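Quick note on numbering: the sequence shown equals residues 1 to 1232 in our numbering.
Beta carbons are placed, not taken as given, at the ideal position from N, Cα and C, and that holds for glycine.
Only a predicted model underlies this, so the values are computations on that prediction, with no experimental measurement involved.
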Amino acid sequence: MNTAGTTEISAELKVKGDPRILVRPRGIYRVTNGDKVQIECISYGAPTPSIILKFPSNFNQSARNEMEFTKRKGFMKFEFTADERFSGNFTCISRNRLGQKTEWVQIIVNKEDTLPQTTIQQSKMTARLGERISIPCLVTGIPNPTVHWTKEDDTESISNEPVLWFDSISHKDGGEYHCNAENRQGKSRVSVILEVIVPPIVHVTPSNLVVRKGYSFNLKCDAIGSPKPIIEWRKLNHTEMPSSLLVSDTELVSISASTEYTGAYVCSAKNIHGEEKAFANISVVEPPWVEAVGPNVIRTNLTTNITLECKTTGDPQPALKWFKPLRSTGSMDTLTGKFIIKSLSKYDQGQYRCQASNLGGVAEERFNIIINELPKVYIEEGLTVSVIAESEFTFNCHGQGTPMPELRWTKITGNLSKDVVASPDGTLYFPKVTSADEGRYRCIGRNEYGSVIAEIQLSVEGAPKITYSTPSLTVNMKESAKLYCNVTGSPKPKVTWFKLHSTEMPKYFYIKDGYFMIPIVEYTDGGIFICRAQNSEGVAEAKVELKVNEFIPQFNSTKKSMIVYDRIINTLYKTSIKLSIKPQSLHGLLLYSGQLEKDFISIGLSNGFVIFQFDLGSGPAFIKSEQKIRADEWITVTAQRDGPVGVLKVSGQRKTKGRSLGRFNGLNLRSELFIGGHEDFEKVFQQTKHDVGFNGCASELFINGVKKDFAFSLKNFNAKQCSTCDHQNCLNGGVCIPKSTKIGHLCQCPKSYIGQFCEERVERCFPDACHSGGRCINKPLNGYRCKCVLGRFGEFCEEGEAISVPSFKRHSYISYPVPNISPASLKISISFKTVSITGKSILLSISRPTVNTYLKLLLLDGKVVLDYDLSDGAVRLQSYEIVPPNEWSTVNIELKGRYASLSVNQKQAIKGASKGRSISLQLHTQTLVYVGGEEGLSTGLHGCVQELRINEQRIDLVNSFVEAHKFSSCYKVLSPCLSQPCVNNGKCVTVAAGKFQCACAKGYEGNTCQRKIKMCGKYFGCKNGGRCWTDRLSGNKMCRCPIGYGGESCAKIMDIKETIQFSHGSYFVYPKNTIRTVEDNLIRLSFRTESTKNGLILWYGQSARISPDFFLIGMRSGSLEVQYELGSGLAEGRTKKMFNDGQWHDIIMKRDGSMLNLRVDGRAELELKAPGSNKNLDVFSILHLGGADDVFRVSRRKYARGFVGCVRDFYVEKRKMNFHKDPLNGANIDTC
């Protein structure tokens, strides 16, 4: 458009689009037969899609013709009247050049419901056995009915298919079957009868019958078939049945079989479909019977010929077979059936069996050939046995032989002890074993053919016992002393001696054969000595007191007795002599020393006066006592010289003085000093005017202030010990001992008395004044105090507990003196255990602050550190490894001059040295070593110290301490197990404060597992003659205790009463003559048990090699069992009732010949008869009750355990057995 005008042009816009389709209705569309149906298909898209209708796959052409269609562009509609032909999927397809889309509708035409209809073409059908058939059932109905089959009146479905199939017809398949159909309109049912054609099937049981003559039997013929077959019996190849055979319906019955019944029989079964036959064989037999021709037991000699013969009967004729010992040389004669042995050897001894057998069974007869021969003996306990001392014990020797040997015991290494009893039954009884019984014993078995021996070694084991010790011994000085303790025990104890409360032993001594001998006794040797005997079983100790009298000489003037010392020295200008004497005579020379015809000095008695003389070379001084002395009284004489002046003082008198002649002042003495006399009075008479020696006792000699010991003089001529204590010198129970005092003796006063004669009553030390090893110390004037051992406290050490291993905790310490001080060396060994290894703690400390020296042993974070300073510079040594906590460690240190070494737990030593010139810590006698800590410090050890050695000497931690602070017992604070008391891999267990128990490893026992248990067959820690026994079933070891003892180790004394109890391993053994009859037996007893199901109650029998005969009573699965054999076969029976109910039950077992009856609680329970003709029980043996030493062996493997329970009122024949007196021996018997 513009000013010039307007023009137009048109254009058509077409939008292309993919085809789409819509169907109404869509999806599933349900209609009813006869309904008018209208379906529309509408398409969309550009260009406009065409519509295509796709019919169901099975759509009928006639139905298509009935449909009305309306079509236009993009639209289609079709209509029809619904019937079942129109059911299906109708699909509308929208299509253009861009593609196509589809949509569908499923039309479901519902019909009208109709009742089910069932039809089977035949109402009755037949089928043969094993045939495969089917029964079809035609079923109609709307909706489709469900189908199931049932049989006769059974409502349970057997098939849900229209066709009922049978793969293989059996006779059980016959009957009426129903085809059942059901839908919602109702039910329908049709029936059919199936008849199974079954020809007869027949079976006879048993098909092969062997029956004894005279016994009853029956044969049963079972037949099936349809119709039911008719059964007929007949004997094969015979027209008639035996008249005595009864036919009862399907059975062939005989009350008493006879031989005419033997043969084949046929059972025929007939019905309309056929006939079937079954066969059976009957054999009527007579069982074999066998009888010995001649005796069953044959006793004979070697090299003889023997023929054994059996007589047999039976139908059919029995076959004969012989059984012989393994190495027998005999054989059976095939013509006669006899068994022949030529030139009998030892291998032919034993049991022979003649066995007869036929279809009726087996019978046997037995023969026993016994060869007269040398006896055999064996000792039950083996070759060696160890017995604990003072226990009861019995050797058991068993003999075998024909005839039975007599048994006798002897001791090879000496005579039997008086109280040892040897019995004819082979037992050797020791009522109380002692060391004298140790040795080798021999059991001798003798019969008319000779004798044999068996030997056994008896070792007596026991803890050491000191049977005698020297109670106390008093000897004089210089004499010999012999202390003795007699020790018994096995193994032989080691005997050691030591002195109580002292580490110093006599200078010279030796120990031999229990004797402690001191050849020359010194006064310091006196005290209490301990004799200790120790072996693996324990320790025994005895105290022996040795009292040493000081030598108080007694001189006899008629025997020229005297004591001679070396010459007096340092006496030129001054001389001092002091001597106590008790004269018996008032004349004689008491003391002399000098040069003949020159200088001398002497003291003597003259007419009751004491005379003191000396000569310095210019003439003698003669000084006489003021008064006469009296005989038999102690006086003290003091004689002094100062130059030429002399003074004499006699106790109780005033001093007297005198002066030598001339101008000399010095006394020159060259000869020995004589006391009590002189060797040549002719030479000294001119000087002393004494021609005889002193007669009396002397004591307490001092020369120039030095005491002379009379026992250690140069010579002693006939001077004896003065009987200074012969008179009751001491009062108030005081004990007099010879002593070098003014009165020649000393009174040992009892508690609360002091004084020269115990005349004054005071509080002083006395034995046991201080408790628990405390040391009593007298106070200066009156009273005493106690120094307690470590851990004890109180005035008399009566409180607390003694501590053997101290425990420390930071603030604790204990101090001790340093022994054996050496200026240039120090050795220390300490054994300790620490709880903590962190931080710093002090193990040991020694110091002298005044000279700046110290030594400290520390723990620094678990490592051991040695610090020391010799006053010129500190040195430190440190271990490489950390000590393990809660384990014992040992540290050894040595300081030698400037050099030091440190070793921990035996590891290589660490060494070092100080740099200065000092070579010592400069210790002195007052120096103390502090253990576990230091005073005033809190860095002490947290742990225990077990041992300390300084300079090779072990420090007594308990008794030698000086001061102790805040310590306790290692076993209480930490654990008693820290000291590792259990040896041999035993495990320590703390059971209470300070107490422990050791769980010992296998093979060890004792409080600390120190004792090795010997293997079974010897001993296993069993006391009082008990023996170790291994249970065959469990393998457990236990003690078999003799009668009268019990408990785990036989240490408990048991009082055997009227009711006894058996447990595992228990048994009684009665002598061989307990059962005295062979024709009959009567046994009565009462028992009670809850735990026993299987166990041997009573056994009477020998070894099967000697005789097969026996009888037993036992329990099997809770029931009572009886077995016996008389040589012709075993008879056995078991009660139906069980008796392990915890109640008392009474048994009466009575045998009369081959018959045996058992009554329990008054009721007959068993009645047995032994096979064969033998009626005697040929047994001569001990009787076992409750079990045996080896139940399995003794009972010939019939039982493995004994009875567990209680027994009372045990009678053999008519005699009541006494449980305390009658048994020969037994084990583990208790009172119930």
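Roughly how far, in whole angstroms, is the beta-carbon of residue i from the beta-carbon of residue j, given that I think they are within contact range, below 8 Å?
i, j, result
"Cys970", "Cys982", "That pair is no contact at about 16 Å."
"Val564", "Phe674", "6 Å"
"Val196", "Gly174", "4 Å"
"Ile1238", "Arg440", "This structure cannot settle anything about residue 1238, because the visible part of the chain is limited to 1 through 1232."
"Tyr868", "Leu858", "Actually they are not in contact, since the Cβ atoms of Tyr868 and Leu858 sit about 11 Å apart, beyond 8 Å."
Please state the DSSP three-state secondary structure of residue i.
i, result
"Val1078", "coil"
"Ser435", "helix"
"Arg775", "strand"
"Asp1209", "strand"
"Leu546", "strand"
"Arg630", "coil"
"Gln756", "coil"
"Lys1014", "Confidence is the limiting factor: at Lys1014 the pLDDT is only 47, short of 50, which leaves the residue's position unreliable and the question unanswerable from this model."
"Tyr347", "helix"
"Ala1233", "Outside the displayed span of the chain (1 to 1232) sits residue 1233, for which this structure offers no information."
"Arg85", "helix"
"Val818", "coil"
"Pro806", "strand"
"Ser841", "strand"
Mind checking which residues open and close the beta strand (DSSP E) that includes residue i?
i, result
"Arg1193", "Taken as a continuous stretch (DSSP letters only), Arg1193 belongs to no beta strand (DSSP E), being part of the alpha helix (DSSP H) at Val1191 to Val1194."
"Ser62", "No beta strand (DSSP E) contains Ser62, which is instead part of the alpha helix (DSSP H) from Gln61 to Asn65."
"Phe600", "Phe600 to Ser606"
"Val163", "Val163 to Phe166"
"Lys507", "Neither: Lys507 is in no beta strand (DSSP E) and is coded neither H nor E."
"Ile371", "Gly361 to Ile371"
"Tyr215", "Per DSSP, Tyr215 belongs to no beta strand (DSSP E) and is neither H nor E."
"Asp525", "Element bounds for Asp525: n/a, residue is neither H nor E."
"Ser159", "Element bounds for Ser159: n/a, residue is neither H nor E."
Ignore the nearest five residues each way along the sequence and tell me which others in residue i's own chain have a CB closer than 6 Å to its CB.
i, result
"Thr307", "Lys338 and Ile340"
"Thr384", "Gln457"
"Thr102", "Thr91 and Ile93"
"Val973", "Bear in mind that a pLDDT of 45 at Val973, under 50, signals an unreliable position, so the model cannot answer this."
"Lys1014", "Since pLDDT at Lys1014 reaches only 47, below the 50 mark, its modelled position is unreliable, and the value read off the structure follows with that caveat. Taken in chain order, the list of residues that qualify is empty."
"Asn718", "Lys559 and Ser561"
"Asn305", "Lys342"
"Arg532", "Thr496 and Glu541"
"Ile803", "Leu790, Gly791 and Ser969"
"Ile754", "Glu760, Val762 and Arg764"
"Lys987", "Ala999"
"Ser836", "His942"
"Asp249", "none"
Which same chain residues, not among the five before or five after residue i, have their C-beta less than 7 Å away from its C-beta?
i, result
"Gln534", "Pro464, Pro493 and Lys494"
"Cys730", "Cys736, Cys747, Phe757 and Cys758"
Going by the DSSP bridge assignment, what does residue i pair with across the sheet?
i, result
"Thr1092", "In DSSP, Thr1092 forms no bridge with anything."
"Phe967", "DSSP lists no partner for Phe967."
"Glu1121", "Gly1114 and Arg1134"
"Pro553", "Gln721"
"Asn892", "Ser829 and Ser903"
"Ile379", "Cys397"
"Gln953", "Ile950"
"Met1217", "Met1217 is not bridged to any residue."
Short of 8 Å in beta carbon distance, which residues of its chain neighbour residue i, apart from the five on each side in sequence? Order them along the chain.
i, result
"Tyr784", "Glu763, Arg764, Cys765, Ala769, Cys776, Ile777 and Asn778"
"Cys1016", "Per-residue confidence for Cys1016 stands at a pLDDT of 42, beneath the threshold of 50, marking its modelled position as unreliable; the derived number appears in the next sentence. Excluding sequence neighbours, Cys1016 sits near Cys1028, Trp1029, Thr1030 and Lys1037."
"Phe1219", "Ile1056, Lys1057, Glu1058, Ile1060, Phe1068, Phe1210 and Ile1229"
"Thr1231", "Met1054, Asp1055, Ile1056, Lys1057, Thr1059, Ile1060 and Gln1061"
Specify, as a first and last residue, the run of the alpha helix (DSSP H) that residue i falls within.
i, result
"Glu682", "Phe681 to Thr688"
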